[in-house]
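So the structure is just underneath, and the comments pick up after that.
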Amino acid sequence: MSAELHIPPHPIPGISVDESDTSFPVRRVYCVGRNYAAHAREMGKDPDREPPFFFLKPADSVVPAEGSVPYPPLTSDLHHEVELVLAIGRGGANIAEANALEHVWGYGVGIDLTRRDLQAEAKTAGRPWEWGKSFDAAAPCGPLVPVSKTGHPATGRIWLSVNGDMRQTGDLAELIWSVPEIISLCSHASRLEPGDLIMTGTPAGVGAVVAGDVISAGIEGVGEITFKIGAPTL
Ligand code: MN
Numbered sequence: 007m008s009a010e011l012h013i014p015p016h017p018i019p020g021i022s023v024d025e026s027d028t029s030f031p032v033r034r035v036y037c038v039g040r041n042y043a044a045h046a047r048e049m050g051k052d053p054d055r056e057p058p059f060f061f062l063k064p065a066d067s068v069v070p071a072e073g074s075v076p077y078p079p080l081t082s083d084l085h086h087e088v089e090l091v092l093a094i095g096r097g098g099a100n101i102a103e104a105n106a107l108e109h110v111w112g113y114g115v116g117i118d119l120t121r122r123d124l125q126a127e128a129k130t131a132g133r134p135w136e137w138g139k140s141f142d143a144a145a146p147c148g149p150l151v152p153v154s155k156t157g158h159p160a161t162g163r164i165w166l167s168v169n170g171d172m173r174q175t176g177d178l179a180e181l182i183w184s185v186p187e188i189i190s191l192c193s194h195a196s197r198l199e200p201g202d203l204i205m206t207g208t209p210a211g212v213g214a215v216v217a218g219d220v221i222s223a224g225i226e227g228v229g230e231i232t233f234k235i236g237a238p239t240l
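What the sequence shown shows, in the numbering used here, is residues 7 to 240, in sequence order.
Quick look at the structure:
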């Protein structure tokens, strides 16, 4: 007996494109951990010794960084992490650093929302980070801007404020692992495909937000976002 399927195909997650009606289709969201020295130190790690490591967020956890983003369940310590997001436009495996930037379609400003209490529990227990990093609306992202407008930003201020108070400030020049290095390393672990996003890590100053807080963030030469943490919806 064969069961009949009544499940329609899922919509492809997308992220808006700056000054355009089109949507960039999201395939995977790779994230780099501890990629600014000052943030590695605030998380209790030596920034000079550790190779980069990656984790992923679900593609459909990418939501527009505008309006209201719900406070997730299971946490009382939701943290903001502002990050440069790069969008892959051309796939490849084992990409050389020298060619890596040719694979970038554009850049954006994104937030790696983190249930820090669940992440800390996972670290202590030697368990995966997923419940700390992967949940509904875990990756609010502003519109992607094509490389034709941004170039490849290697320097520039990156910042985040909560209710007007500056919480995170840094400069893209402080990335421990550069964008070409990240792309190359990631592509040696999995084949990158068009539609992949890579969140490149956050500068120091991460901290908690609560429902009602207004998060603003920006990256010089890329863009700015503002959204509110809404009431829990689960
Ligand atoms: Mn992060």
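The beta-carbon is built from N, C-alpha and C at its ideal position, and this holds for glycine as well.
Values in this document were obtained by computation on a predicted structure and should not be read as measured data.
Secondary structure of Trp-111 (DSSP, three-state): strand.
Counting every other CB atom within 10 Å of its CB across the protein chains shown gives Ile-18 a total below 16, marking it as exposed. In this structure, Asp-118 places its C-beta atom within 8 Å of the C-beta atom of Cys-37. Remark: the C-beta of Thr-175 is outside contact range of ligand 1, defined as less than 7 Å to any heavy atom. If you look at Asp-83, you'll find it isn't in any beta strand (DSSP E); DSSP assigns it neither H nor E. Taking 7 Å as the cut-off, the C-beta of Asp-118 counts as close to a heavy atom of ligand 1. Pairing Phe-141 with Arg-121 gives a Cβ-Cβ distance under 8 Å.
DSSP places Leu-191 in the uninterrupted alpha helix (DSSP H) bounded by 185-193.
Inclusion of Leu-92 and Val-185 in the CB contact set at 8 Å is warranted, their separation being smaller than that value.
With a threshold of 7 Å, the Cβ atom of Gly-50 does not count as near ligand 1, since no heavy atom of the ligand is closer than that. Between the beta-carbon of Arg-197 and that of Gly-97 there is about 6 Å, and that keeps the pair under the 8 Å contact cut.
Per DSSP, Gly-138 is one residue of the alpha helix (DSSP H) stretching across 136-139.
Boundaries of the alpha helix (DSSP H) harbouring Asp-123: 122-131, taken from the DSSP string. Counted as a single uninterrupted DSSP element, the stretch harbouring Arg-34 is not any alpha helix (DSSP H), since DSSP gives it neither H nor E.
Secondary structure at Ser-222: strand, using DSSP grouped into helix, strand and coil. Of the other Cβ atoms in all chains shown, 16 or more fall within 10 Å of the Cβ of Val-32; this residue is therefore buried.
Taking 7 Å as the cut-off, the C-beta of Gly-207 counts as close to a heavy atom of ligand 1. Taking the C-beta atoms as reference points, Ile-21 is found nearer than 8 Å to Cys-147.
Taking Pro-57 as reference, the option from Ser-67, Tyr-42, Leu-124 and Pro-238 with the minimal CA-CA separation is Tyr-42.
If you look at Val-215, you'll find it in the beta strand (DSSP E) that goes 213-215.
At least one heavy atom of ligand 1 sits closer than 7 Å to the Cβ of Glu-89.
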